[in-house]
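*Asks:*
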Amino acid sequence: MLGSPAASLRRAKAYRVGILKGDGNAINMEAAAAFIEAASEAPTRS
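Quick note, this note's numbering runs 4 ahead of the 1-based positions in the sequence shown.
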């Protein structure tokens, strides 16, 4: 057995938070510029 469900949940939460923090720094200028350009050209809903 790997441990209690609460301990497993804590490990999963810590892993998820670590992944999200790391992914927050993954954007680069080219990707940001392409996203902003595509978003500004996208049709809007009325």
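Backbone N, C-alpha and C define an ideal beta-carbon position, used for all residues, glycine too.
1. Buried or exposed: Ala46, going by 16 or more other Cβ atoms within 10 Å of its Cβ?
2. Can you tell me which of the three DSSP states Ala11 falls into?
3. On the three-state DSSP scale, how would you describe Ile31?
*Replies:* For this structure:
1. With fewer than 16 other Cβ atoms within 10 Å, it is exposed.
2. helix
3. coil
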